[in-house]
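**Q** Residue numbers (my numbering): 841 to 1047. Quick one: the structure is below, questions incoming.
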């Protein structure tokens, strides 16, 4: 019963395709007009046989040459007759969707560049620089040093994890209670801001 329901589902989508010979011709000529993007996705998902399915269809056609071939098998046999049909479909699907993907990413990139432009032309850094000049110093960080902080903190953390010894029976340890044992406690804050924070500020100060 489940197999019949699955076949019926395939058939609903297969009926949306042009005739099998039109599909094959469009695939051979890479013609977008008779085969829309939606139809191409249906052909890839519903009419592209696996090696075992194609072998079974060929075997049944030899054993029962007068049988009525189901509609989906007609499409699978036609598409399977193309050389490297799976790679052919994947490549064409990528080419057809590439321009749309580039347009979407370009729009997202433009939005990101607009955000960066807002930061660059914001008046807040100028006010901060004015207050800094009142105390006789310049801004503490430049872009290169901000990047250096990010790289250094990640690198040393990764090295620490790599060289730290394994904890025996870690999976059997009692987990931290989310209400009683806080991750951000006073010890961590003092260590982060009063110790590491000051060291980073000293090494990253722009003179």
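We put the beta carbon where it would ideally sit given N, CA and C, even for glycine.
By how many angstroms is the C-alpha of residue 890 removed from the C-alpha of residue 1028?
**A** When rounded, the distance between both Cα atoms is 57 angstroms.
**Q** In terms of residue numbering, what span does the alpha helix (DSSP H) encompassing residue 1029 cover?
**A** Note, residue 1029: alpha helix (DSSP H), 1026-1029.
**Q** Using the rule of at least 16 other Cβ atoms within 10 Å of the residue's Cβ for burial, across every protein chain shown, is residue 920 buried or exposed?
**A** Buried, by the Cβ-count rule.
**Q** Closer than 8 angstroms is the cut-off here; do at least three beta carbon pairs connect the segment 906-917 with the segment 881-890?
**A** At 8 angstroms Cβ cutoff, the stretches touch.
**Q** Skipping 5 residues on each side, what residues in its chain have a beta carbon closer than 7 angstroms to that of residue 925?
**A** Correct list, in chain order: 888, 919.
**Q** Which residue from 884, 1038, 991, 873 puts its Cα closest to that of residue 927?
**A** Ranking 884, 1038, 991, 873 by Cα distance to residue 927 puts 884 first.
**Q** Does DSSP put residue 948 in a helix, in a strand, or in coil?
**A** Looking at residue 948 - three-state DSSP - the assignment turns out to be helix.
**Q** Alpha carbon to alpha carbon, what distance is there between residue 1042 and residue 1035?
**A** Their backbone Cα atoms lie some 11 angstroms apart in a straight line.
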